[in-house]
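Following our numbering, the numbering of the sequence shown begins with 519 at its first residue and continues without gaps.
Everything below concerns the one structure shown next.
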Amino acid sequence: MVMKVGVIGQSEGNGHPYSFSAILNGYDSEKLAAAGWKPIQHYLAKRDASEFGFDGIQVTHAWTQYPDATLSLCEACRIPNRLTDWREMIGETDAVIVARDDEQSHLELALPFLERGVPVFVDKPLTTSMEQLRLLRPYLENGLLMSCSGMRYAEELDGLRAGLSSYGELLLLRCAVVRSWEKYGVHMLEAVMPFIGSKPQSVMALNADHPSIAVTFESGLLLQIDCLGDAPPVFQIDVFGSQRRGVFHIENNFSMFRRMLWHFFHSIRTGMPAIPAETTLTIMRILAAGRRSVEERRNVKLDEFSL
Numbered sequence: 519m520v521m522k523v524g525v526i527g528q529s530e531g532n533g534h535p536y537s538f539s540a541i542l543n544g545y546d547s548e549k550l551a552a553a554g555w556k557p558i559q560h561y562l563a564k565r566d567a568s569e570f571g572f573d574g575i576q577v578t579h580a581w582t583q584y585p586d587a588t589l590s591l592c593e594a595c596r597i598p599n600r601l602t603d604w605r606e607m608i609g610e611t612d613a614v615i616v617a618r619d620d621e622q623s624h625l626e627l628a629l630p631f632l633e634r635g636v637p638v639f640v641d642k643p644l645t646t647s648m649e650q651l652r653l654l655r656p657y658l659e660n661g662l663l664m665s666c667s668g669m670r671y672a673e674e675l676d677g678l679r680a681g682l683s684s685y686g687e688l689l690l691l692r693c694a695v696v697r698s699w700e701k702y703g704v705h706m707l708e709a710v711m712p713f714i715g716s717k718p719q720s721v722m723a724l725n726a727d728h729p730s731i732a733v734t735f736e737s738g739l740l741l742q743i744d745c746l747g748d749a750p751p752v753f754q755i756d757v758f759g760s761q762r763r764g765v766f767h768i769e770n771n772f773s774m775f776r777r778m779l780w781h782f783f784h785s786i787r788t789g790m791p792a793i794p795a796e797t798t799l800t801i802m803r804i805l806a807a808g809r810r811s812v813e814e815r816r817n818v819k820l821d822e823f824s825l
């Protein structure tokens, strides 16, 4: 039996509905390029046909806020059911991907499915509202809800995963990324938090023309994330340990997205969360603390954001 997946929403400048759907369903190259997503078409074209799709899983329904975009998404990614209202998916799909990155929309779009026991993946960031996180926490804990950046699964970090102990004690992690703190700082948090075995204590916005956020941990580790706005694309992580250092450039979107989707569907089949709930909640609290520090120009304790 095929697992029927619905894709909901699209955010300006964010091609995730196309990327995720193409990885699951395959795609029509010409129609994807015509839809205005040539960069996605270019990196998909580099992959072998064997790398597309998962057995027994298909995107069968799609809706975005823009009828023309919904049509182009369905045509480019071979989605048979083009909807005029996302609520039409309720009762028709076995799992849902909320592919919008504006956190204000996430609770409204995800909760009707979660309340019916339908697994949901929500694009990052889940939400920085503590009230909403309290509502969503049980679904993170029971494995019905998953939300993350694909950079958590970046293949460029495989060497760091395998050889983390060779770095000794982690002293400093320094990250550079484009655009904003909430939407792109979360990429770096997702990428590095699996390597940090210590609790974050406080968050401080540094004096810079761009969002430059420093997170301190109980171990003494300092994590610095610089969000460079409309700069040339960069997703770079510098790791400084007591025994060695390393530099990692993350560029392979296809691999990280495919791995992320695999973990989502694996969690559905096993009934186990792909990511510990506390990890996602902690990352959202750091995002909220960073925003408050930027606004109030002070060191913000993570304890200010209790759940």
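Glycine is no exception: its CB is placed at the ideal position from the N, C-alpha and C atoms.
For clarity, every value in this text was computed on a predicted model and none was experimentally measured.
Helix, strand or coil for residue i per DSSP?
i: W780; result: helix
i: M817; result: Per the sequence shown, residue 817 should be read as Asn rather than Met. In the structure shown, N817 sits in coil (DSSP, three-state: anything other than H, G, I, E or B).
i: H728; result: coil
i: G668; result: helix
i: I575; result: strand
i: L746; result: coil
i: P712; result: helix
i: N532; result: coil
i: M802; result: helix
i: F772; result: helix
i: K564; result: coil
i: F631; result: helix
i: F538; result: helix
i: L682; result: helix
i: Y657; result: helix
i: L825; result: coil
On a CA-only basis, which of the options is nearest residue i? Give me that one, please.
i: L690; options: C666, L629, Q761; result: Q761
i: D603; options: I714, V616, R815, T582; result: T582
i: E796; options: F783, L741, W699, R652; result: R652
i: D676; options: F782, P557, D727, R777; result: R777
i: G635; options: A617, S716, L654, Q622; result: L654
i: G668; options: V525, M706, I755, R810; result: M706
i: S665; options: G808, E814, R809, M802; result: M802
i: E659; options: G533, V638, E687; result: V638
i: L663; options: V696, I793, M519; result: I793
Look up residue i in the DSSP assignment and give the residues it is bridged to.
i: F753; result: V695
i: F639; result: I615, M664
i: N599; result: H579
i: T734; result: S720, L740
i: V525; result: A580, I615
i: G759; result: L688
i: V812; result: V812 pairs with nothing; no bridge assigned.
i: G764; result: V757
So, does the CB of residue i fall closer than 7 Å to a CB anywhere in chain C?
i: V640; result: Absent from the structure is chain C; it holds one protein chain and no more.
Closer than 8 Å is the cut-off here; do at least three beta carbon pairs connect the segment 536-550 with the segment 589-606? Taking one beta carbon from each stretch, the segment 536-550 and the segment 589-606 have 3 or more pairs nearer than 8 Å; the two touch.
For the 8 Å Cβ check, are there 3 or more pairs between the segment 601-615 and the segment 568-579? As far as the Cβ criterion goes, the segment 601-615 touches the segment 568-579, which means the pair count is three or higher.
Decide yes or no for the touch test of the segment 696-716 against the segment 745-760: beta carbon pairs closer than 8 Å, at least 3 of them. When C-beta atoms of the segment 696-716 are compared with those of the segment 745-760, three or more pairs fall below 8 Å, so the two segments count as touching.
So, do the segment 724-737 and the segment 767-785 have three or more beta carbon pairs nearer to each other than 8 Å? Segments in contact, no.
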